[in-house]
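Numbering (our numbering), first residue to last: 10 to 514. Taking it in order: structure first as structure tokens, then the write-up.
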Ligand code: ZN
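What follows is the structure, encoded as structure tokens:
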């Protein structure tokens, strides 16, 4: 490795380490910190994050980067580098350019505004009062439009924001995908609702001992290959995955006595995220080669495990007898097919996080449309609740009873995360394409899953996706694995087949 590259990587590690320090503080805040610690903790996190930002955008880093890359154009200057080192520099330059495009005062002001507005959102949601949040949301939207101008874009401002979460993805591409997906989903959900086989959700909402739920989840995590000598699971209000280094990747879950699926599927979901982080190439720690490609690719890993494995027949062929042993009382006399139908019940709900596989993406489309409306088309904030309700009615056939159940349900906008939502749907689509590629390439993969062998799939994912880091873009990864571009078709065919069979439609 060249001396200049060595120096740059050392500088990048400092920036990354400071971010990971903030992640440790944040993990503690969400799991064990006593409530009165909140203010001091906010100050601590903001201090280390601003130190990290200052290092990244400061003169020293700029000098190291300029030795290797032409800063105005991003052209790599150093000769004789390996292809992955060239990619490392291209990605480092891209991140640096975006970080330095925003004035320091702007970053500080947006951070203060969003930290305050999160508290306001909590109150607005509790009191069902959108008027409380509206002035904050107006200011956030105005600043995000400014941010898009600072960052630059070719087509619409929303593209610049999307780039934060899904590099390379554009509004136009998403529109095409979603236009293909929407009519299929709306039609499928309508047919399911008219079917005469009702879902059997009541089977999994009996009384499930939490200690046993925890034990069962840990068993599945172990079988997936989640390494507990380099990770741990705790309880938090909202399940999440956080990583400090590939050698320390933690997840959380939330258990509900009256609903088996919440804890179980959040554990599998976060486990999917964690396998990705644990398998990143730590030789390049601190650089883009040891980072996930995008939020959409990250989500493909969690959704693949949660839905395409965890809600499948092969998986339960192996695990259902064990689950029954864990919960002899509530599952006594419940046949495996009925259990399978119960965990795959389709029922439109106004709440995104409660949505099933068939309705979930309709929630995302609604948010995507509103985000475009207020970022690109300057639609007024006061008009958003009515648009939200009309969209929910149109796509899901239900109207939220109030704003708490409607536009106030998600925290994202109040944190400034605009352009984030589409990555959930992208995760479903990428995930389906990857899973089908794995099934084509590994003979008898689903038979192995049916025998409780989850590690074969894990190995395939590790080799083809996890170890890649950002050495490929999302589009390149999909092309290399599937031989074609991102497509909604595998996902829609999967839904048609699965729910066609389940609901007899
Ligand atoms: Zn996730």
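No residue lacks a Cβ here, since even glycine has one placed at the ideal position from N, Cα and C.
My assumption, with CB atoms under 8 angstroms, is that residue 427 sits in contact with residue 380. Please give the rounded CB distance. 6 angstroms
Reduced DSSP category for residue 271 - H, G, I as helix; E, B as strand; rest coil: helix
Which residues DSSP lists as bridging residue 254, in chain order: 257
Checking 8 angstroms against the spacing of the C-beta atoms, do residue 29 and residue 282 come in under that value? no
Could you check if residue 355 is buried or exposed, using at least 16 other CB atoms within 10 Å of its CB as the buried criterion? buried
Could you check what DSSP says for residue 441 in three-state terms: helix, strand or coil? helix
Assign residue 408 to buried or exposed, taking buried as 16 or more other Cβ atoms, counted over all protein chains shown, within 10 Å of its Cβ. exposed
Measure the alpha-carbon distance for residue 289 versus residue 234 and round it to whole angstroms. 14 angstroms
Using a 10 Å radius around the Cβ and a threshold of 16 neighbouring Cβ atoms, would you call residue 225 buried or exposed? buried
Secondary structure of residue 35, DSSP reduced to three states: helix
Report whether the distance from the Cβ of residue 311 to the nearest heavy atom of the ligand ZN is below 7 angstroms. yes
How long is the line joining the alpha carbons of residue 124 and residue 509, rounded to whole angstroms? 45 angstroms
Rounded to whole angstroms, how far is the Cβ of residue 168 from the Cβ of residue 179, which I believe are closer than 8 angstroms? 5 angstroms
Can you tell me the Cα-Cα spacing of residue 443 and residue 138, whole angstroms? 42 angstroms
Extent of the continuous beta strand (DSSP E) run through residue 240: 240 to 244
Entirely within the region 423 to 484 and at least 4 residues each: give me those alpha helix (DSSP H) ranges in chain order. 431 to 450, 454 to 459, 464 to 473
CB of residue 387 to nearest heavy atom of the ligand ZN: below 7 angstroms? no
Beta-carbon contacts of residue 461 that lie in its chain and below 7 angstroms, excluding the five residues immediately before and after: 232, 327
So within the region 108 to 152, which uninterrupted alpha helix (DSSP H) runs reach at least 4 residues, ignoring any that extend past its ends? 113 to 136
At a cut-off of 7 angstroms, is residue 372 close to the ligand ZN when judged by its beta-carbon and the heavy atoms of the ligand? no
Can you determine whether any heavy atom of the ligand PLP sits closer than 7 angstroms to the C-beta of residue 308, and answer yes or no? Among the ligands present in this structure, namely the ligand ZN, the ligand PLP is not found.
Would you say residue 282 touches the ligand ZN, meaning its beta carbon is less than 7 angstroms from a heavy atom? yes
Option nearest residue 211 by Cα separation, candidates 311, 299, 351, 76: 351
Own chain, CB closer than 6 angstroms to residue 193, minus 5 neighbours either side, in chain order: 501
Helix, strand or coil: how does DSSP classify residue 85 here? strand
Rounded to whole angstroms, what is the Cα-Cα separation between residue 275 and residue 246? 12 angstroms
If you draw a straight line from the C-alpha of residue 49 to the C-alpha of residue 343, how long is it? 50 angstroms
Can you list, in chain order, the residues of its chain with a C-beta nearer than 7 angstroms to that of residue 398? Leave out the 5 residues immediately preceding and following it. 408, 409, 415
Residues that DSSP places opposite residue 265 in a beta bridge: 268
CA-CA distance, residue 96 and residue 174? 19 angstroms
Which whole-angstrom value describes the C-beta separation of residue 251 and residue 35, a residue pair presumed to lie in contact below a C-beta threshold of 8 angstroms? 7 angstroms
Flag this pair as yes or no: are the beta carbons of residue 376 and residue 418 separated by less than 8 angstroms? no
Go through its chain and collect everything with a Cβ distance to residue 209's Cβ below 6 angstroms, but skip five positions before and after it. 347, 350, 351
Quick check: is any heavy atom of the ligand ZN less than 7 angstroms from the C-beta of residue 473? no
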